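Okay, structure first, notes after.
Number of protein chains: 2
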Amino acid sequence: MTTNATETRWLDQAQQRSWRAYLVGTTLLMDRLDRDLREQHDLSLPEYEILVRLSESPGHRMRMAVLAGSISHSRSRVTHTVARMEKDGLVIRGACASDGRGVEAALTQEGFSVLQAAAPTHVEGVRRFLVDLAGDEDFAAVGRVFNAVTDKLVEANPDADIR
Amino acid sequence: MTTNATETRWLDQAQQRSWRAYLVGTTLLMDRLDRDLREQHDLSLPEYEILVRLSESPGHRMRMAVLAGSISHSRSRVTHTVARMEKDGLVIRGACASDGRGVEAALTQEGFSVLQAAAPTHVEGVRRFLVDLAGDEDFAAVGRVFNAVTDKLVEANPDADIR
DNA sequence: AAGGCGTTATTGAACCTTCAACTTTAGGCC
DNA sequence: GGCCTAAAGTTGAAGGTTCAATAACGCCTT
Chain C
1 MTTNATETRW
11 LDQAQQRSWR
21 AYLVGTTLLM
31 DRLDRDLREQ
41 HDLSLPEYEI
51 LVRLSESPGH
61 RMRMAVLAGS
71 ISHSRSRVTH
81 TVARMEKDGL
91 VIRGACASDG
101 RGVEAALTQE
111 GFSVLQAAAP
121 THVEGVRRFL
131 VDLAGDEDFA
141 AVGRVFNAVT
151 DKLVEANPDA
161 DIR
Chain W
1001 MTTNATETRW
1011 LDQAQQRSWR
1021 AYLVGTTLLM
1031 DRLDRDLREQ
1041 HDLSLPEYEI
1051 LVRLSESPGH
1061 RMRMAVLAGS
1071 ISHSRSRVTH
1081 TVARMEKDGL
1091 VIRGACASDG
1101 RGVEAALTQE
1111 GFSVLQAAAP
1121 THVEGVRRFL
1131 VDLAGDEDFA
1141 AVGRVFNAVT
1151 DKLVEANPDA
1161 DIR
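Chains C and W supply the protein sequences, listed in that same order. Residues 1 to 163 in the working numbering are what the first sequence spells out, letter by letter. Residues 1001 to 1163 in the working numbering are what the second sequence spells out, letter by letter.
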C-alpha cells in the first residue's frame, strides 16, 4: 500500500489559498465591524449581537443560557458582557419566574434605542465589506458551508460550554 | 420617489441566515481549532500562524512588521505574542542588519519541531470541521468571497495598524 | 551636519475572554 | 423529608488584545 491512515492529508494549493483568505478576511472584517460600532455607537460587536437577540425575543428578554447559546459564547463570557451592559444601562437582569436558578436579561428602553441607532451602521458595514462583494450564489455557498460547520461542531460537542 | 440614499438596505432573509451562519460557525470553528492546538501542543492559533509564516520565509526569519501584515494582526499584538513565544523558546528576536529600527523574529529549532508536531493536528481540524464538509465548489466560493473582503478592507484602510 | 518628519517596534494600562472554583436551586431516589 | 447529583449563573484571577504614548532610527532638506 502507498498510504496509511496516520498520514496527514495536507490541503492542496487551492484549498490553502481559500483557507488563508478566510482567516485573514475574517480577521479584517470582524475588526472593522467592531471598530465602526465602537466609534459610532460605543458598542462592541458582541454587545451588539446581544442587543439583537434580545430584541427578537418575546418581551425583549431571555434566559442567560439561551442567550449564550444563540450566539455561541460561553456562559461566563455572556455573564461578563451583560454585566458591563447593565452598568451602561442597556440591559437589566432579573430573577426568572419559573426557575429559581435562572436569570433573565431584558432590554431597557435605552438599550432598544441604542440598537435602533446602531443597526443601520452595522448592516451597511456587513453589506459594504461582505454581502455586496460576494454575489448571491457565492454568498449562499458561504451560508451552506458555515451551517455545516456549525452542525458538525455542535454535534461534536453538544454541551458546548460546561467544560 | 420611493426610496432615498439614507434608507437602510436591510438584509433579506436568506442573506441574514447566511450571515448568522457565518458568524456562529466562525466562532465555533476558531474556538475548536484553538482548543485543539492548546490541549495537544500548548499553542494558541495565533501562535501557530506565526510559526507557519516564519517557517515559509527564507532563513526562517521575518521582520516584525511583515509578519504582522501577513496575518493581519496589529504590530502591538504581534510584539506581545512573539514576546511570549520567545519566553517559551519557540522563537528568537534579533536586530535587523539593514535597518537599525528593525527587528527580525526567527524560528528556533524547538519552534520548528513544535510546528512540525502541531501541523497535522491543525490540518486535520481544518479538514474535519471545514474543508471536508464543504464541497470543492462551495469552498472555492468561500475563498473568492474572502479574497474580495480582504481586498476591499485593505483598500479602505491601507495603513492597517498605525492608528 | 543638524533639524524635522515619518516609520519601526515596544511598553504598560485598560479592556475583554477564558478557566476553574464556587453558590444556589432543581429534580430524582431512598 | 433528606440526600445526592446535575444544572444555572457568577466570580475572580490569569491570559490575550487593543489603545495611546514613547523611544530609537532612517531619510530628506537645508
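Note that the Cβ used here is the ideal one computed from N, Cα and C, for glycine as well. Computed from a prediction, not measured in an experiment: that's the story for all the values here.
Counting only Cβ-Cβ distances below 7 Å, Arg-32(C) has contacts in chain W at Leu-1153, in chain order.
Contact annotation, His-41(C) with Thr-121(C): C-beta distance approximately 6 Å; criterion of less than 8 Å satisfied. A distance below 9 Å separates the beta carbons of Leu-1107(W) and Leu-1051(W).
Proximity of the region 1015-1022 of chain W to the region 129-141 of chain C meets the contact definition, three or more beta-carbon pairs being nearer than 8 Å. As for any alpha helix (DSSP H) of minimum length 4 sitting wholly inside the region 1058-1111 of chain W, the runs are 1064-1071, 1075-1087, ordered along the chain. Chain W has no Cβ within less than 9 Å of the Cβ of Ala-65(C). Here the C-alpha atom of Gln-116(C) lies approximately 21 Å from the C-alpha atom of Leu-1023(W).
Exclusion of the five residues before and after Arg-1075(W) leaves Met-1064, Ala-1065, Ala-1068, Asp-1161 as the residues of its chain whose Cβ lies within less than 7 Å of its Cβ.
Chain W places a beta carbon closer than 9 Å to that of His-73(C), counting this residue as a contact.
For a cut-off of 8 Å, the C-beta gap from Leu-1029(W) to Leu-1153(W) is around 20 Å, too long to register as a contact. Listed along chain C, the residues sitting closer than 8 Å to Tyr-1022(W) by beta-carbon distance are Val-142, Gly-143, Phe-146.
The beta carbon of Gly-125(C) lies closer than 7 Å to those of Arg-32, Leu-33, Asp-36 in the same chain, with the five residues before and after it left out. If you check the CB distance, Arg-1084(W) and Glu-1047(W) come in under 9 Å.
By the Cβ neighbour-count rule, Arg-20(C) is buried, with 16 or more other Cβ atoms within 10 Å of its own. With a contact defined as Cβ atoms closer than 8 Å, Ala-105(C) and Leu-54(C) qualify at about 7 Å. In the three-state reduction of the DSSP assignment, Trp-1019(W) falls in the helix class. Contact check for Val-1114(W) and Leu-1090(W): beta-carbon distance about 6 Å, within the 8 Å limit, so the pair qualifies. If you look at Arg-127(C), you'll find it isn't in any alpha helix (DSSP H); DSSP assigns it neither H nor E.
Under the three-state reduction of DSSP, Glu-7(C) is assigned to coil, being neither helix nor strand. Using a Cβ-Cβ cut-off of 9 Å, Ser-1018(W) counts as an interface residue toward chain C, since at least one Cβ of chain C sits closer than that to its own. Bounds of any alpha helix (DSSP H) do not take in Ser-44(C), whose DSSP letter is neither H nor E. Comparing alpha-carbon positions, the option among His-1080(W), Glu-1110(W), Ala-1156(W) lying closest to His-1060(W) turns out to be Glu-1110(W). In the three-state scheme derived from DSSP, where H, G and I count as helix and E and B as strand, Gly-135(C) is classed as coil. When only Cα atoms are considered, Lys-1087(W) and Thr-8(C) end up about 30 Å apart. Around Asp-138(C), the beta-carbon contacts reaching into chain W at under 7 Å are Ala-1141, Arg-1144, Val-1145.
Using a Cβ-Cβ cut-off of 7 Å, Arg-9(C) is close to Arg-1127 of chain W, given in chain order. Counting only Cβ-Cβ distances below 8 Å, Leu-28(C) has contacts in chain W at Ser-1072, Val-1149, Thr-1150, Leu-1153, Val-1154, Ala-1160, in chain order. Its Cα nearest to that of Asn-157(C), the residue Ser-72(C) stands out among Asp-132(C), Ser-72(C), Ala-134(C).
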